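Have a look at the structure below before the remarks.
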Amino acid sequence: MGYTMTEKILARTAGLATVNAGDEVQVKPDFVLAYDFPGYTDRYFKEMESEFQVIQVKEPARFGVFIDHMIPAITPDEEQFHKETRDWATRNGVEVFERRGIGHQVAAEVGYAVPGALAVHFDPHISQLGTFGTLALGIHRNMLEAYVQDTVSLRVPESVRIDFNGQLQAGVMARDVLNYLVKTLGPSACQFCVMELAGSGLASLSVEGLQTITGLAMFTGAISAIVAPDAVRLDYARSRSRKVLEPVYSDADARYRAVHTIDLGTIEPLIVIPPSSAGTRDLTDYLGLEVHVGYLGSCASGRLEDLRIAAQILKGRTLAPGFSLYVVPTSQQIMAAAAKEGLLTTLVEAGAFISSPSCDYCYGRIGTMNAGQRAVSTGTLNVRGRMGSSDSEIYLCSAAAVAAAAIEGKVADPRHYL
Amino acid sequence: MSLVNLRGRVAYVFEEENFDIDQIVGVKNIRISDAEVLAKVAMNAYDEHFAERMRPGDLLVGAANFGYGHPHYPPMIAMRKLGITAVIAESFSPGYWWGEMAEGFAQIECPGITRLVSRWDEIEVDWKEHRVINLSRGTELIFKPFSASDLLVLEAGGLIPYLKLKRQCP
Chain F
0 MGYTMTEKIL ARTAGLATVN AGDEVQVKPD FVLAYDFPGY TDRYFKEMES EFQVIQVKEP
60 ARFGVFIDHM IPAITPDEEQ FHKETRDWAT RNGVEVFERR GIGHQVAAEV GYAVPGALAV
120 HFDPHISQLG TFGTLALGIH RNMLEAYVQD TVSLRVPESV RIDFNGQLQA GVMARDVLNY
180 LVKTLGPSAC QFCVMELAGS GLASLSVEGL QTITGLAMFT GAISAIVAPD AVRLDYARSR
240 SRKVLEPVYS DADARYRAVH TIDLGTIEPL IVIPPSSAGT RDLTDYLGLE VHVGYLGSCA
300 SGRLEDLRIA AQILKGRTLA PGFSLYVVPT SQQIMAAAAK EGLLTTLVEA GAFISSPSCD
360 YCYGRIGTMN AGQRAVSTGT LNVRGRMGSS DSEIYLCSAA AVAAAAIEGK VADPRHYL
Chain B
0 MSLVNLRGRV AYVFEEENFD IDQIVGVKNI RISDAEVLAK VAMNAYDEHF AERMRPGDLL
60 VGAANFGYGH PHYPPMIAMR KLGITAVIAE SFSPGYWWGE MAEGFAQIEC PGITRLVSRW
120 DEIEVDWKEH RVINLSRGTE LIFKPFSASD LLVLEAGGLI PYLKLKRQCP
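So the sequences go chain by chain: F and B.
Per numbering that gives the first Met the number 0, the first sequence starts with residue 0, numbered consecutively.
Per numbering that gives the first Met the number 0, the second sequence starts with residue 0, numbered consecutively.
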């Protein structure tokens with residue numbers, strides 16, 4: 000019997016020859032990542048000392064801290080919070096990545112996306128490192144275990160394999176693919192499993208598109224997502240890897256809880272209606288719905304292909320009167336590349352508000368909506384009040400659909416602008 | 000097995016599948032950390048008298064994929080403050096389940112639970128026999144057994160005391 004990529008990575012990090020789904024193991028993560036946020040990092044840093052008398056993490060090179068929320072600080076308390084994070088990192092010899100962009104993207108850029116590695120974070124969107132064959136788990140409160148000792152306890156998850164074939168239609172993006180998985184397989188289809196993406200259709204999805212799909216895998220109930228690295232993704236990862244590991248691949252006779260086949264060519268633009276990420280609908284059923292705010296950014300979007308398609312749609316056009324479009328490139332690297340390509344100029348000329356990278360638009364700390372306002376957004380969530388008033392609404396969709404809606408001030412089909 | 004059987008009323012049945020628990024306190028209150036304040040705002044959108052109706056030992060019941068979304072901790076900090084001892088659901092979203100189990104807050108997967116109970120029924124969780132018993136109706140269901148380590152976390156009262164024990168006796 001063969002093994003999945005996930006089982007192989009967990010076997011290596013458990014120091015065992017093999018493990019099987021269902022086994023309870025102690026694994027040593029290659030990387031322990033977090034962004035600083037009240038109630039999370041401050042709590043771990045405090046509890047590791049007060050509860051466990053651990054003054055310093057062992058092997059600080061395994062750890063990384065990102066400062067991407069509350070950026071820029073708008074109160075002295077927020078800046079003080081960041082200062083305490085920096086101080087902790089200095090005392091522990093841990094690297095801090097501040098104002099470089101949204102941490103889950105920056106983590107890939109700075110070499111934590113090592114094929115075959117195990118990374119843990121408290122936030123499940125770290126799963127997007129799976130694009131590069133890294134098993135990246137959001138382990139929530141159990142992060143404390145990773146700060147006070149080498150290993151964390153874990154039950155080896157089953158995997159659900161999604162075989163893609165065909166290729167996407169023009170104007171249909173990776174975000175639509177993720178929404179299609181939620182719509183057709185269901186929001187608990189991969190419950191407690193790792194979603195493994197495979198099949199010939201992968202070749203038609205960009206690295207950035209795969210980051211979107213794997214980063215949002217939690218909305219299928221998955222605890223992470225992973226893709227076998229191909230030459231392009233291996234090249235990206237190896238050119239910056241912090242660690243050299245042999246990439247792993249699932250065996251042909253590995254066991255899966257389920258295998259689904261998806262023809263990418265059949266996917267149409269989708270929209271996710273509030274108040275749940277499970278509210279996936281055909282975008283064409285909502286054409287003409289008035290919207291007032293657009294947000295193109297977050298760890299699930301704001302990458303070059305998102306900015307390119309938005310610029311393509313908005314070039315030579317202007318936003319609907321009164322419409323606010325926030326465009327937030329995911330990282331400084333992406334923002335600089337977009338500037339060089341002239342994408343930011345095109346978006347600004349159309350009337351967009353461009354921001355340096357920050358997580359803060361995604362949860363309404365900036366660009367906050369008032370009661371009665373309705374947004375189209377590439378953010379991660381659409382629960383009531385996520386981007387401001389609890390009487391505002393968020394419709395989640397692709398970057399292309401956000402750009403098209405920005406022109407009309409209504410939900411619009413991006414394919415008409417391409 | 001040192002867990003004492005739980006016994007109390009069904010304080011609420013969340014019938015919505017994929018329920019996002021952040022709605023319990025409302026996203027506008029999600030950065031509050033004071034349990035007293037959270038307890039006052041909890042469930043205002045569902046039952047404005049919720050807090051005063053609670054008794055220590057009450058339990059919550061949820062539908063399938065309970066905890067879906069990107070759950071935060073304040074809603075269940077509020078519920079524990081109000082005396083809730085466990086959540087029993089048809090199934091759970093993993094992120095939510097992990098986060099609350101680490102608090103030593105039992106999250107019991109019991110397929111069929113939403114049909115077994117109604118609000119205010121008196122129920123008992125029998126750890127040894129893996130049963131949820133509806134004392135008001137005289138019916139019962141088997142719940143999905145916990146793994147050995149999950150049980151140890153619950154017995155210890157959460158991740159921190161569990162890790163302390165484990166580090167003393169590796």
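Backbone N, C-alpha and C fix where the C-beta goes; we use that ideal spot for every residue, glycine too.
All values reported here derive from a predicted model rather than from experimental measurement.
Anticipated Cβ contact below 8 Å, residue i with residue j, distance rounded
{"i": "residue 232 of chain F", "j": "residue 131 of chain F", "result": "5 Å"}
{"i": "residue 381 of chain F", "j": "residue 271 of chain F", "result": "6 Å"}
{"i": "residue 151 of chain B", "j": "residue 103 of chain B", "result": "So it is not a contact: roughly 11 Å between Cβ atoms."}
{"i": "residue 401 of chain F", "j": "residue 299 of chain F", "result": "Actually they do not touch by this definition, with Cβ atoms about 12 Å apart."}
{"i": "residue 282 of chain F", "j": "residue 268 of chain F", "result": "4 Å"}
{"i": "residue 153 of chain F", "j": "residue 24 of chain F", "result": "6 Å"}
{"i": "residue 149 of chain F", "j": "residue 27 of chain F", "result": "5 Å"}
{"i": "residue 12 of chain B", "j": "residue 117 of chain B", "result": "7 Å"}
{"i": "residue 288 of chain F", "j": "residue 409 of chain F", "result": "6 Å"}
{"i": "residue 204 of chain F", "j": "residue 253 of chain F", "result": "At roughly 22 Å, the Cβ-Cβ gap does not stay under 8 Å, so residue 204 of chain F and residue 253 of chain F are not in contact."}
beta-carbon residue i near the ligand MG non-hydrogen atom, thresh 6 Å
{"i": "residue 268 of chain F", "result": "In the structure shown, the ligand MG is absent, as is every other ligand, since no ligand is present at all."}
CA-to-CA distance, residue j to residue i, given in whole angstroms
{"i": "residue 64 of chain B", "j": "residue 91 of chain B", "result": "4 Å"}
{"i": "residue 168 of chain F", "j": "residue 417 of chain F", "result": "11 Å"}
{"i": "residue 262 of chain F", "j": "residue 171 of chain F", "result": "13 Å"}
{"i": "residue 366 of chain F", "j": "residue 9 of chain B", "result": "40 Å"}
{"i": "residue 397 of chain F", "j": "residue 175 of chain F", "result": "6 Å"}
{"i": "residue 412 of chain F", "j": "residue 34 of chain F", "result": "36 Å"}
{"i": "residue 349 of chain F", "j": "residue 343 of chain F", "result": "10 Å"}
{"i": "residue 55 of chain B", "j": "residue 70 of chain B", "result": "24 Å"}
{"i": "residue 212 of chain F", "j": "residue 115 of chain B", "result": "37 Å"}
{"i": "residue 395 of chain F", "j": "residue 124 of chain F", "result": "16 Å"}
{"i": "residue 108 of chain B", "j": "residue 236 of chain F", "result": "39 Å"}
{"i": "residue 317 of chain F", "j": "residue 351 of chain F", "result": "9 Å"}
{"i": "residue 315 of chain F", "j": "residue 406 of chain F", "result": "11 Å"}
{"i": "residue 14 of chain B", "j": "residue 61 of chain B", "result": "6 Å"}
{"i": "residue 260 of chain F", "j": "residue 223 of chain F", "result": "19 Å"}
{"i": "residue 128 of chain F", "j": "residue 32 of chain B", "result": "31 Å"}
{"i": "residue 23 of chain B", "j": "residue 186 of chain F", "result": "20 Å"}
{"i": "residue 141 of chain B", "j": "residue 119 of chain F", "result": "33 Å"}
7 Å Cβ cutoff, residue i in contact with chain F
{"i": "residue 129 of chain B", "result": "no"}
{"i": "residue 33 of chain B", "result": "no"}
{"i": "residue 19 of chain B", "result": "yes"}
{"i": "residue 64 of chain B", "result": "yes"}
{"i": "residue 159 of chain B", "result": "yes"}
{"i": "residue 97 of chain B", "result": "yes"}
{"i": "residue 103 of chain B", "result": "no"}
{"i": "residue 61 of chain B", "result": "no"}
{"i": "residue 80 of chain B", "result": "no"}
{"i": "residue 143 of chain B", "result": "no"}
Element boundaries [alpha helix (DSSP H), containing residue i]
{"i": "residue 79 of chain B", "result": "73 to 80"}
{"i": "residue 231 of chain F", "result": "230 to 237"}
CB contact check: residue i to chain B, cutoff 7 Å
{"i": "residue 341 of chain F", "result": "no"}
{"i": "residue 164 of chain F", "result": "no"}
{"i": "residue 117 of chain F", "result": "no"}
{"i": "residue 318 of chain F", "result": "no"}
{"i": "residue 134 of chain F", "result": "no"}
{"i": "residue 384 of chain F", "result": "yes"}
{"i": "residue 103 of chain F", "result": "no"}
{"i": "residue 139 of chain F", "result": "yes"}
Residue from the options with nearest C-alpha to residue i
{"i": "residue 230 of chain F", "options": "F/238, F/368 and F/17", "result": "F/238"}
{"i": "residue 418 of chain F", "options": "F/295, F/344, F/341 and F/363", "result": "As shown, chain F starts at 0 and ends at 417. That puts residue 418 of chain F outside it, with no answer to give."}
{"i": "residue 328 of chain F", "options": "F/43, F/101, F/31 and F/134", "result": "F/101"}
{"i": "residue 71 of chain F", "options": "F/355, F/163 and F/173", "result": "F/355"}
{"i": "residue 243 of chain F", "options": "F/90, F/113, F/58 and F/31", "result": "F/113"}
{"i": "residue 11 of chain F", "options": "F/386, F/260 and F/247", "result": "F/247"}
{"i": "residue 99 of chain B", "options": "B/32, B/157 and B/28", "result": "B/157"}
{"i": "residue 305 of chain F", "options": "F/245, F/403 and F/362", "result": "F/403"}
{"i": "residue 76 of chain F", "options": "F/285, F/106, F/64 and F/36", "result": "F/36"}
{"i": "residue 77 of chain B", "options": "B/60, B/48, B/129 and B/42", "result": "B/42"}
{"i": "residue 81 of chain F", "options": "F/44, F/61, F/49 and F/334", "result": "F/44"}
{"i": "residue 162 of chain B", "options": "F/285, F/50, F/119 and F/205", "result": "F/50"}
{"i": "residue 59 of chain F", "options": "F/66, F/38, F/78 and F/89", "result": "F/89"}
{"i": "residue 147 of chain F", "options": "F/157, F/56 and F/334", "result": "F/56"}
{"i": "residue 265 of chain F", "options": "F/158, F/151 and F/166", "result": "F/166"}
7 Å Cβ cutoff, residue i in contact with chain C
{"i": "residue 50 of chain F", "result": "Absence of chain C from the displayed structure is noted, the protein chains being F and B."}
First and last residue of the uninterrupted beta strand (DSSP E) at residue i
{"i": "residue 102 of chain F", "result": "Note, residue 102 of chain F: premise wrong, no beta strand (DSSP E); alpha helix (DSSP H) at 102 to 108."}
{"i": "residue 24 of chain F", "result": "23 to 26"}
{"i": "residue 263 of chain F", "result": "From DSSP, residue 263 of chain F is part of no beta strand (DSSP E); its letter is neither H nor E."}
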